[in-house]
Structures are given as C-alpha cells and as structure tokens.
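Going by the working numbering, the sequence shown opens with residue 4, and the numbers climb by one from there. In this text, a Cβ means the ideal position worked out from N, Cα and C, and glycines have one as well. For reference, the structure is listed below as structure tokens.
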Amino acid sequence: MIDLLVAGCGPAGAATAIRAALAGLSVVVVEPRTTPIDKACGEGIAHSAVDYLGRLGVQLSGRPFHGIRYLDTDHQVDARFRAGPGLGVRRTTLQRALVDRLHSLGVPIVDNRIGAIAQNTTSVTAAGYTARYLAAADGLHSGIRRQLGLAGPPRAGHNRTWPIASWRSGGRLAAPASGSVRRGLRRHFAVAPWTDLVEVYWSGLGEAYVTPVADDLVGVAVLTSERGTFDSHLDAFPALKRRLSGARPANAVMGAGPLRQRVRARVAGRVLLVGDAAGYVDALTGEGIAVALRTSAELVRCVVDNRPDDYEAAWRRVSWECRLLTGSLLWARNRSLLAPRIVPAAALLPGVYGHIVNRLA
C-alpha cells in the first residue's frame, strides 16, 4: 500500500506529489492526458509561487513581469511588485518542468483514469492502487468531486452580468449581455512584449489579460460571459487590438469554463480535493497557481500527520484572502453602477490598488 495516490498531473497534482515525495511519502500520480498538458489560463505566476516552486526543486524558464496594469478606454494605472517579479510561463513549460522534477524524484506517473473509488477507514482504492490517501487534483470539472457528491449547487443570481449597454466602448455602446456564466479563451501571439507588466484591459464585455511569456511571445486571455469568438471579443478592447495588429497568432484558441465552481467540502473520508477541484471563484486576480501550491502544502502536512479532517480548515485558512479579494472584485464587476468605475477608482487611489496587488502577489 502506498501513502498517497494523486489524481491529476497538472500544477496542483504535480506539486502535491513532489511535496509528498520530499516529505518521505510513497506516491503515485495517475494522469490520462498526454504531457505536456496545456490549459487556457493567464500563465502569470506570482513571485511567491515562483519562489515556492524553486524550493521544491522545479526549474522554470519564462519572462519576468514586475507588476499589474489596469486599463480601460480612458484610464491607466500601474502597480509594481515590491517583493520581486512574477514570471510569465507557458502552461506547457510549467507542466514539463513539474514532470521533470517528478521523474528526478522517482515518482511514477501512470497513464490511466481514476475510475470508481472505494474507501474504508484505513485506505482508499482507485485505478488499481490502494493508498492511505487520495489527493484529487483532477481540475475545474473534477469527476472525483462529482463522484463523491462534493459539488455544490450554484447560488441563485451569482455571476450575473451587468447591463453592459451602459458601458462606453470605443465611443459606442456594447451589445447587451447574453449569458451569466464566465468563461475564458486564450491565444498566443508572436510579438515582442511591449511592457514588463501584465496588462488587464477592462470593457463591458469582460477583461483581457496580456502576459509576456517569452522575448517574442505574449499570451492573451479573455474572460467574459458573452458568447462569441476570440476575434469578436477582441473588438471590445480596441487599444489591445491595435497593439496586436500585424502580430501572427502562434497557436489555436483554447477555452475553459464555466469558471465558478462551488464545493461543499474539501474532504470525503480519505479523499482530499486540491487545486481547481477544491473550488474556484474566478480568474480575475490570476492567483490559481499560488493558491494551489499553498493548499497542496497543507494537504501533504495533513497526510503526514494522519489528520485528514484538519485539511478543510487549513484550506480555508490559507486561501481565504485570495477568495475574499477575488470574490469582492467579482461582486463589483457584476454591479452595473460599480463595474465601469473599477479602473477609474484604481487610478484615483493608486496606493490602495498597489496594496491589493501586492497582497495578492
């Protein structure tokens, strides 16, 4: 019997397995997807997360960024990091580095699906393995979460769109909102980064994030509840569209969503949820990787101590600030009177904006 079976080899699962192996636990990772695994995400990793990965022995290459810039049609405000730069890293580059570290530690990565889970008071069995514990890191739409009945129903009215016809965009009124579920689309463009910041463009349609990931490549991620294509969404961000004029798309568009995932509990017997499987608010603040790393460390600590029931409180303790700030920003984003004032308020109070950015970083 092994100590820990990990479902999923994305950042949350791989980091959990690496941390567990470094703690002296026997670990097996089960992952049906072919590596390197890609995902539609912003690809900006906070300084604290880069530092943590370094302590795990994960060697990353990417493009440093030194803060966050908010922009709308009339305002721009920058917040620079005080603790150190973040790193723009292609998702495939990050996943490949994590897998390399797993291989160096001798952690097996098994090409299989978890399938049905059976557990008792001392062990859990899945995918042909019996382990003391199972870490479910199988992503935003976790099958393990559904199998164990841990998925929570969406709260009525959550993620409503505001009436975006009231938000001016390029001198014209945007089209009415057509949906209430937020999703993300991402594409890379072969162009040299024009700033050392991650830029977040705001409009009535949603937000567009630009992350430098190499000296000749930027990633553009659009978050919105509107239906449409990546190219049609870019029309809502005329300044960004001008920046990308003539730039060659480097790959196909990838999508992810719905983003909001409610979870009733992170623990079911000897199964513990981590990463996006443990619940997700929104990608507005881009802190998914950092939260996944912090909570994975708590998961391993609870397994080492043989105290799985402590994990729920630990997960809440280390993720509460990010969840609060992301939830508050999303709440303002969903209010017709507040949404168009987010960037102007940040520009009016740059000290407050910088403090929030640095708390998240």
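Practice prompt. Throw me the rounded Cβ distance for the residue 251 and residue 193 pair, which I believe falls under 8 Å.
Written response: 5 Å
Worksheet item: DSSP state of residue 198, grouped into three classes?
Response: coil
Worksheet entry | Helix, strand or coil at residue 261 [DSSP, three-state] | coil
Worksheet item: If you check the beta carbons only, do residue 141 and residue 295 fall under 7 Å apart?
Response: no
Worksheet item: So what's residue 50 in DSSP terms, helix, strand or just coil?
Response: helix
Worksheet item: In terms of residues, what are the limits of the alpha helix (DSSP H) holding residue 314?
Response: 314 to 336
Fill in: Neighbourhood of residue 341 by C-beta, 6 Å cutoff - its chain only, sequence neighbours within 5 removed
335
Worksheet item: Between the region 112 to 127 and the region 282 to 290, do three or more beta carbon pairs fall short of 8 Å?
Response: no
Worksheet item: Sorted by chain position, which residues of the same chain lie with C-beta nearer than 7 Å to residue 315's C-beta, five sequence neighbours on each side aside?
Response: 268, 269, 270
Item to complete: Have a look at 327, 54, 332, 262 and flag the residue whose alpha-carbon is nearest the alpha-carbon of residue 42.
Response: 262
Discussion item. Which residue marks the beginning of the beta strand (DSSP E) containing residue 74, and which one marks its end?
Written reply: 70 to 74
Worksheet entry | For residue 202 and residue 176, the rounded distance between their alpha carbons | Model confidence at residue 176 stands at a pLDDT of 29, short of 50, so the residue's coordinates are unreliable and nothing is read from them.
Practice prompt. Specify whether the region 184 to 198 and the region 213 to 227 touch according to this definition: at least 3 beta carbon pairs, one from each stretch, less than 8 Å apart.
Written response: yes
Worksheet item: Would DSSP call residue 267 helix, strand or coil?
Response: coil
Worksheet item: In the DSSP assignment, what residue or residues form a beta bridge with residue 62?
Response: Answer is none; residue 62 lacks a bridge partner.
Worksheet item: Which of helix, strand or coil does DSSP assign to residue 103?
Response: helix
Discussion item. Check whether the region 11 to 19 and the region 90 to 100 touch, using three or more Cβ-Cβ pairs below 8 Å as the test.
Written reply: yes
Worksheet entry | Candidates 151, 350, 94: closest to residue 81 by CA position | 350
Fill in: residue 5 to residue 32 span [Cα, whole Å]
11 Å
Worksheet item: How would you call residue 75, buried or exposed, if buried means at least 16 neighbouring beta carbons within 10 angstroms?
Response: buried
Discussion item. Under 8 Å: do the region 146 to 153 and the region 15 to 26 share three or more Cβ pairs, one atom per stretch?
Written reply: no
Worksheet item: In whole angstroms, what is the alpha-carbon distance linking residue 163 and residue 226?
Response: Residue confidence is low: residue 163 scores 35 on pLDDT, short of 50, so the model does not pin down where it sits. No coordinate-derived value is stated.
Practice prompt. With DSSP collapsed to three states, give me the class of residue 84.
Written response: coil
Item to complete: Alpha carbon to alpha carbon, how far is residue 310 from residue 128? Give it in angstroms, no decimals.
Response: 19 Å
Worksheet item: Would the beta-carbon of residue 354 fall within 7 Å of that of residue 259?
Response: no
Discussion item. Could you compute how far the alpha carbon of residue 86 sits from the alpha carbon of residue 130?
Written reply: 42 Å
Fill in: Local Cβ density within 10 Å of residue 58, reported as buried at 16 or more and exposed below that
exposed
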